[in-house]
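In my numbering, the protein residues as written are 8 to 348.
Here is the structure we will look at, set down as structure tokens.
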């Protein structure tokens with residue numbers, strides 16, 4: 008009699024447990040669902056989709072050397088500077104549309120910069136990347152700028168190269184003030200040493216290039232940007248040498264520009280009369296190599312800021328300091344991903 012009683016009790020408990028795990032439609036929520044994506048990020052900045060592009064999250068699967076890329080979704084950063092939103096500004100939901108039984112083949116995850124078109128593989132501008140691991144029930148990984156598919160060794164060294172310096176002068180004329188206040192160079196005053204450690208150098212063709220900028224902030228809400236040169240290695244000249252507005256002499260063998268020719272660079276921008284006027288900023292960004300010349304994306308800074316300084320009233324042939332914007336707290340973009348398997 009006792010055996011029958013306990014058997015009824017156990018059956019009743021199991022039945023109640025199973026019923027409680029189902030909703031009104033009878034769906035059992037205890038069943039494991041594959042392909043559920045949890046993606047969290049820090050320090051990615053909002054993009055202007057029509058100028059900068061958008062972010063896209065990718066997963067790479069590898070089956071015996073045959074690689075396939077799967078887009079998990081395009082996204083942006085919301086007005087709060089933190090939350091992820093879809094292209095309509097709604098909270099972002101990432102989706103894996105591949106065969107969930109093959110998620111164990113996943114080996115890499117990437118966030119790249121993309122246009123608004125449908126893409127079938129990530130662009131060269133991979134901003135944070137990382138390998139993924141897999142176990143019986145999940146795929147997981149971490150992404151950061153120093154991974155081999157992102158900025159590689161140059162990106163890793165940005166975590167420790169916190170400061171640099173620059174000088175205001177015009178080596179292409181050798182002039183005294185006030186004309187010498189029309190040039191800026193990423194070097195020491197003598198022009199024989201780089202203003203930044205070359206360990207941060209980027210690899211040409213790997214998706215990214217540094218660019219130095221001068222911003223006229225006399226109207227803070229509408230700054231005017233002047234390129235001071237694109238470069239991969241801060242210990243070598245930039246890609247356009249002394250620049251289109253330079254004088255007749257050679258410049259320093261480091262990134263820099265002189266703006267000594269009247270009406271240059273033109274295009275509606277005022278001439279630089281004095282970088283010591285008190286309202287100029289000097290900063291360095293990392294730009295996608297795929298930017299097309301003479302487009303808004305090419306002519307304005309990409310929101311991946313590395314070093315900056317207000318020039319203030321720094322005079323000719325003096326040394327100014329540059330500071331790493333993420334600083335010692337290492338506030339560079341990074342992310343984590345988890346996919347149920």
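All residues carry an ideal CB built from backbone N, CA and C; glycine is no exception.
A quick note: this is a predicted structure, and the numbers were derived from the prediction, not measured.
{"Query": "Through-space distance from residue 191 to residue 234, alpha-carbon basis", "Result": "11 Å"}
{"Query": "C-beta contact flag for residue 133 and residue 157 at 9 Å", "Result": "yes"}
{"Query": "Simplified DSSP state of residue 324, which is helix, strand or coil", "Result": "coil"}
{"Query": "Whole-Å CB distance - residue 180 paired with residue 267, under 8 Å assumed", "Result": "5 Å"}
{"Query": "Pair within 9 Å by beta-carbon distance, residue 203 and residue 314", "Result": "yes"}
{"Query": "Residue closest to residue 125, alpha-carbon to alpha-carbon, out of 184, 219, 99, 63", "Result": "63"}
{"Query": "Beta strand (DSSP E) runs contained entirely in the stretch 172-216, provided each spans 3 or more residues", "Result": "190-192"}
{"Query": "N- and C-terminal bounds of the alpha helix (DSSP H) containing residue 303", "Result": "303-306"}
{"Query": "Beta-bridge partners of residue 317, as assigned by DSSP", "Result": "288"}
{"Query": "Residue 225 in three-state terms, based on DSSP", "Result": "coil"}
{"Query": "Beta-carbon proximity list for residue 51, same chain, < 7 Å, skipping 5 on both sides", "Result": "62, 84, 340"}
{"Query": "Option in 106, 254, 260, 229 with minimal Cα separation from residue 195", "Result": "260"}
{"Query": "Proximity to residue 305 [Cα-Cα], best of 135, 215, 281, 88", "Result": "215"}
{"Query": "Reference residue 74; option with closest CA among 115, 87, 93", "Result": "115"}
{"Query": "Straight-line Cα distance separating residue 247 from residue 227", "Result": "28 Å"}
{"Query": "Collapsed DSSP secondary structure at residue 342 in the structure displayed", "Result": "strand"}
{"Query": "Sequence-distant residues of the same chain with beta carbon closer than 6 Å to residue 117, five excluded per side", "Result": "65, 129, 133, 136"}
{"Query": "Pairwise C-alpha distance: residue 77 and residue 106", "Result": "10 Å"}
{"Query": "In DSSP terms, what residue 161 is bridged to", "Result": "Its beta-bridge partners do not exist; DSSP assigns none."}
{"Query": "Terminal residues of the beta strand (DSSP E) in which residue 133 lies", "Result": "133-141"}
{"Query": "Residues bridged to residue 68 [DSSP beta-bridge criterion]", "Result": "75, 113"}
{"Query": "Sheet register partners of residue 98 (DSSP bridge)", "Result": "92"}
{"Query": "For residue 148: DSSP bridge partner residues", "Result": "139, 344"}
{"Query": "Nearest-angstrom Cα separation, counted from residue 231 out to residue 301", "Result": "15 Å"}
{"Query": "Extent of the continuous beta strand (DSSP E) to which residue 268 belongs", "Result": "From DSSP, residue 268 is part of no beta strand (DSSP E); its letter is neither H nor E."}
{"Query": "Simplified DSSP assignment, three categories, for residue 355", "Result": "Only positions 8 to 348 of the chain appear in this structure, which leaves residue 355 out of reach."}
{"Query": "Which of helix, strand or coil DSSP assigns to residue 273", "Result": "coil"}
{"Query": "With 16 other Cβ atoms within 10 Å as the buried cut-off, status of residue 97", "Result": "exposed"}
{"Query": "Minimum C-alpha distance to residue 70 - residue among 55, 108, 53, 46", "Result": "108"}
{"Query": "Exposed unless 16 or more other CB atoms sit within 10 angstroms - verdict on residue 240", "Result": "buried"}
{"Query": "Neighbour-count burial assignment, residue 49, 16 or more Cβ in a 10 Å radius", "Result": "exposed"}
{"Query": "Close beta carbons around residue 147, own chain, < 7 Å, minus the five adjacent residues each side", "Result": "139, 140, 344, 345"}
{"Query": "Pick from 213, 177, 207, 92 that is closest to residue 198, judged by C-alpha positions", "Result": "177"}
{"Query": "Given residue 317 as reference, the closest of 294, 282, 42, 295 once Cα atoms are compared", "Result": "282"}
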